[in-house]
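Counting from 10, one number per residue, gives the positions in the sequence shown under this note's numbering. Think of the CB as a built atom: it goes at the ideal place given N, C-alpha and C, for glycine as much as any other residue. This one's a predicted model, so the numbers in the text were calculated from it and none came from an experiment. A short worksheet on the structure shown next.
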Amino acid sequence: MTKKAQVMVVTPHPDDAEFGVAGTVARWTSEGKDVIYVVSTNGDKGTSDTNMKPDELARIREQEQLAAAKLLGVREVIFLRHPDQSLEDTPEFRKEIVRLIRMYRPEIVVTAAPYRRYLWHRDHRITGRVTLDAVFPYARDILAYPDLLEEGLQPHKVEEVLLWGAEDANYRSNITDTFDVKIAALRCHKSQISDNPSTGLKERMRERYKTLAEGEDYELAEAFHRIELRR
Ligand SMILES: [Zn+2]
């Protein structure tokens, strides 16, 4: 019933995890950590191509996500397949995440920061918020879901949460050695990223992660808001 993984990444859309945490994921997997992805929505509205059909786009984006995850050494990708731009903070969505936390029993959960002032994609806000709620208190508390307990899914205490996209980052992760594989994973998302030499994707990214590493004794960093939970 349970299949332990040290890290669970809950991403709103296919491609967000690559922007947010792929450099750190590649480092973790190279250190032998088991990482799994949970993809909340099917991303079926992420296009400006007038000929693209939603079903086709969802299918393409799953393939892109699987290719990126494979490059990063992610063990498993779970697709929840909620329609893009339609996530709500519902008891059903929260329970889906609780069920997976209790099943995989991660030490670290990574997701999108729920709070940015002003413009922030609704699916990112809701994925982050619902995942935090699932971590605490719902995955932890024995009486929260008697039916999950009956299925054999015991409560679980996550030790650490990392939020990407936070305006108040307090934690940096060294991605100097894994920057190239992060870029390669991002490039798997062909439906989302126009990447020809003139767009300078890699150069722009390098500058960005260099800025985030300022003051550290390494070159490139991803930044997070980190929450440590008391055991
Ligand atoms: Zn997104």
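Close Cβ partners of residue i (< 8 Å) along its chain, the five nearest in sequence each way excluded
i	result
Ile110	Met17, Val118, Ala143, Val144, Ala148, His165, Val167
Ala153	Val107, Pro146, Tyr147, Pro164
Gln15	Trp37, Lys42, Asp43, Val44, Pro115, Glu116, Ile117
Thr20	Ala26, Gly29, Tyr46, Val47, Val48, Ser49, Thr120, Ala121, Thr136
Beta-carbon contacts of residue i that lie in its chain and below 6 Å, excluding the five residues immediately before and after
i	result
Glu169	Ile117, Glu237
Tyr180	Phe233, Arg235
Asp24	His198, Gln201
Lys13	Arg114
Alpha carbon of residue i to alpha carbon of residue j, nearest angstrom
i	j	result
Thr120	Lys191	17 Å
Leu81	Val47	15 Å
Glu228	Leu141	31 Å
Arg308	Glu159	Residue 308 lies beyond the residue range present for the chain, which begins at 10 and ends at 240; the question has no answer from this structure.
Gly52	Ile151	34 Å
Thr187	Glu216	15 Å
Glu225	Pro155	47 Å
Ala76	Leu66	15 Å
Glu40	Thr59	43 Å
Gly104	Leu172	The sequence as given places Lys at residue 104; Gly does not occur at that position. Roughly 20 Å between the two C-alpha positions.
Glu176	Arg239	24 Å
Thr185	Arg134	29 Å
Arg68	His22	13 Å
Pro92	Asp64	10 Å
Asp204	Glu73	15 Å
DSSP-derived helix/strand/coil call for residue i
i	result
Ser207	helix
Val170	strand
Ser8	As displayed, the chain neither begins before 10 nor continues past 240, which places residue 8 out of reach and without an answer.
Leu141	helix
Val83	coil
Glu101	helix
Tyr124	coil
Ala193	helix
Ala232	strand
Residue j beta carbon less than 8 Å from that of residue i
i	j	result
Leu194	Ala31	The question names Leu, but residue 194 in the sequence shown is Ala. A contact, by the Cβ cut-off of 8 Å.
Asp132	Leu96	yes
Ser249	Thr99	Absent from the model: residue 249. The displayed extent of the chain is 10 to 240, so no value can be given.
Cut-off 7 Å between Cβ atoms - residues of its own chain near residue i, not counting five sequence neighbours on either side
i	result
Val139	Asp98, Phe102, Arg103, Ile106
Met214	Ile192
Thr33	Ser182, Ile184, Glu231
Ala78	Tyr46, Val86
Residues with C-beta closer than 7 Å to any heavy atom of ligand 1, in chain order: Counting only heavy atoms of ligand 1, the residues whose C-beta sits closer than 7 Å to one of them are, along the chain, Pro21, His22, Asp24, Asp25, His130, Asp132, His133.
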